[in-house]
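Here's the structure, in structure tokens; my notes come after.
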Amino acid sequence: MLVRYKTLENGKAVKQAEVYTKTEHHIRLSDVDHDAIKIIRRLEKAGHESYIVGGAVRDLLLGKRPKDFDIVTSAEPNHIRKLFRNSRIIGKRFRLVHIFFKDKKIIEVSTFRSADSKGFNNVFGEIEEDALRRDFSMNALYYHPIREQVVDFVKGYPDIKARRLKAVIPLGRIFEEDPVRIIRAIKYSEKTGLKPGFRLKRKMRSQAELLKGVSYSRLTEEIYKILGSGYARPIFQSLFDHNITEYILPGLDQFFRGRDQTHANNRKVFFEHLGTLDDIINKQRETPRSVMIQYLVRDFVMRIGPWKAQKRIHFPEVYSGIKDILKPMVPANKDVEDVVVTLMRERQEALGIPKKRSRRRRRKPSSRRSSG
11 MLVRYKTLEN GKAVKQAEVY TKTEHHIRLS DVDHDAIKII RRLEKAGHES YIVGGAVRDL
71 LLGKRPKDFD IVTSAEPNHI RKLFRNSRII GKRFRLVHIF FKDKKIIEVS TFRSADSKGF
131 NNVFGEIEED ALRRDFSMNA LYYHPIREQV VDFVKGYPDI KARRLKAVIP LGRIFEEDPV
191 RIIRAIKYSE KTGLKPGFRL KRKMRSQAEL LKGVSYSRLT EEIYKILGSG YARPIFQSLF
251 DHNITEYILP GLDQFFRGRD QTHANNRKVF FEHLGTLDDI INKQRETPRS VMIQYLVRDF
311 VMRIGPWKAQ KRIHFPEVYS GIKDILKPMV PANKDVEDVV VTLMRERQEA LGIPKKRSRR
371 RRRKPSSRRS SG
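In this note's numbering, the protein residues as written are 11 to 382.
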């Protein structure tokens, strides 16, 4: 292991980070996205310190092939934009650069954030400040694919090796600043096998109510990320066990939250459906959101909804029922419509209800007389 030092104004060198070489971290360069490496080469050639950061580094260290590669650099968005013609600056308060490639691939490039950054405000800083702005230590590791080194400012590398999920931001602030981190902590734990300690788990439970203040659109995106992760079943199981589903999907939670056999059976079937969704996600990379919603509400529509005693159900009542049960989630109307059509058809077939036949309109006899 190497050590990265920083020289203070008085000339004294102080330890800044630990640096792990390829003989220690065992990341295979063949598992790293070639376009991400090219981006870093170009940025560094222009004089900008640059790294792969976050989930990609975490997954590489865990022996997994990352889906996405995010890059962080000392270059500011306007400079990045000038270096890459196939790019676009996005965001207002916190500006990022998206670099576009074939097959709809996008690599996100951000600038080191300052310790003075608040929420999503745009304050640039140094790499060591950027590391302290990360949520959990496993996401605060920086990989340099050219030198093949992992730079660790927050003891994230030993946390991954010990399978510890540890907060970087102090516990008194981490969830108050952004309650969505509660959901992400559970998601990361289930996906990686890293476990939160007692104090972190206690803070997650005690501050879960803060999720009520998260915008509906942001909460919706987080739920879609879970549904599309291939780990929806264990993540939702853990969210339920931590009493968090009552804040993010209270309509569905009411059907599971109970100790009697009916609620237990509802939970069992719900998690089985999510397991089926995981199988679908893991077999095909792109899955429509309507399919994700379908497995989220399947049991509600097919078995336990307010129309369970009715043989025939009508589109408007099922549509509004799904919209209500998913609140505060706000799925697109078209996706919900697709779900209703699919599940109503399945329900009719399961109950042996014949399809309604559309009557053919009789043609009126022609009033024209044939000539001749």
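For every residue, glycine included, the Cβ atom is placed at its ideal position computed from N, Cα and C.
Q: Tell me whether the beta-carbon of residue 279 lies closer than 9 Å to the beta-carbon of residue 243.
A: Result no, Cβ atoms of residue 279 and residue 243 do not sit closer than 9 Å.
Q: Grab me the residues of residue 193's own chain with a C-beta within less than 6 Å of its C-beta, minus the 5 sequence neighbours each way, in chain order.
A: Excluding positions up to five away in sequence, the list reads 232.
Q: Look at the Cβ atom of residue 38, then the Cβ atom of residue 72, and state whether they are nearer than 9 Å.
A: Not in contact: residue 38 and residue 72 (Cβ atoms no closer than 9 Å).
Q: Report buried or exposed for residue 23, applying the criterion of at least 16 other Cβ atoms within 10 angstroms of its Cβ.
A: Residue 23 sits exposed, since fewer than 16 C-beta atoms from the chains shown fall within 10 Å of its C-beta.
Q: Using the Cα positions of residue 260 and residue 335, report the straight-line distance between them to the nearest angstrom.
A: For residue 260 and residue 335, the distance between alpha carbons rounds to 8 Å.
(Q) Quick check on this structure: which residue in 217, 90, 60 has the alpha carbon closest to the alpha carbon of residue 189? (A) Ranked by Cα distance from residue 189, the first of 217, 90, 60 is 217.
Q: Report the rounded CA-to-CA distance for residue 82 versus residue 36, giving the unit in angstroms.
A: In this structure, the CA atom of residue 82 is about 22 Å from the CA atom of residue 36.
Q) If we ignore side chains and look at the alpha-carbon of each, how far apart do residue 111 and residue 45 end up? A) Straight through space, the alpha carbons of residue 45 and residue 111 are spaced by roughly 8 Å.
Q: To the nearest angstrom, report how far apart residue 136 and residue 98 are at their CA atoms.
A: A straight line joining the alpha-carbon of residue 136 with that of residue 98 spans about 23 Å.
**Q.** Reference residue 400, options 318, 287, 121, closest by Cα
**A.** Here the chain covers residues 11 to 382 and nothing more, so residue 400 does not appear.
Q: State the CB to CB distance for the pair residue 67 and residue 151, rounded to an integer number of angstroms; the pair is presumed to be in contact (CB under 8 Å).
A: Right, their Cβ atoms sit about 4 Å apart.
(Q) Taking only three categories from DSSP, how would you classify residue 217? (A) Coil, per DSSP.
Q) Quick one: what does DSSP say residue 134 is sitting in, helix, strand or coil? A) Of the three classes helix, strand and coil, the one that applies to residue 134 here is strand, per DSSP.
Q. Along the chain, where does the beta strand (DSSP E) that runs through residue 83 open and close?
A. Looking at the DSSP string, the run of the beta strand (DSSP E) that includes residue 83 is 80-83.
Q: For my contact list, residue 173 and residue 203 are in at a C-beta cut-off of 8 Å; report their separation, rounded to the angstrom.
A: Yes, they are in contact, since the Cβ atoms of residue 173 and residue 203 sit about 6 Å apart, within 8 Å.
(Q) Relative to the C-alpha of residue 239, which candidate in 292, 195, 257 has its C-alpha closest? (A) Cα-wise, what sits closest to residue 239 is 292.
Q: Determine, using beta-carbon pairs with one atom in the segment 268-287 and one in the segment 307-325, whether at least three such pairs fall under 8 Å.
A: As far as the Cβ criterion goes, the segment 268-287 touches the segment 307-325, which means the pair count is three or higher.
(Q) Could you give the first and the last residue of the continuous beta strand (DSSP E) run that contains residue 125? (A) No beta strand (DSSP E) holds residue 125; DSSP gives it neither H nor E.
(Q) Quick check: what's the CA-CA separation for residue 105 versus residue 85? (A) Using only the alpha carbons, I get a separation of about 12 Å.
Q) Going by the CB atoms, is the gap between residue 199 and residue 175 shorter than 9 Å? A) Yes.
Q. Is it the case that the Cβ atoms of residue 196 and residue 249 are separated by a distance below 9 Å?
A. Yes. Within cutoff.
Q. By a C-beta neighbour count over all protein chains shown, 10 Å radius and 16 as the cutoff for buried, is residue 153 buried or exposed?
A. With 16 or more other Cβ atoms from the protein chains shown falling within 10 Å of its own Cβ, residue 153 counts as buried.
Q) Roughly how far, in whole angstroms, is the beta-carbon of residue 337 from the beta-carbon of residue 346, given that I think they are within contact range, below 8 Å? A) With 8 Å as the limit, residue 337 and residue 346 do not qualify as a contact, their Cβ atoms being about 12 Å apart.
Q. Using the rule of at least 16 other Cβ atoms within 10 Å of the residue's Cβ for burial, across every protein chain shown, is residue 76 buried or exposed?
A. Classification for residue 76: buried.
Q. Would you call the CB atoms of residue 134 and residue 124 closer than 9 Å?
A. Going by beta carbons, residue 134 and residue 124 fall inside the 9 Å limit.
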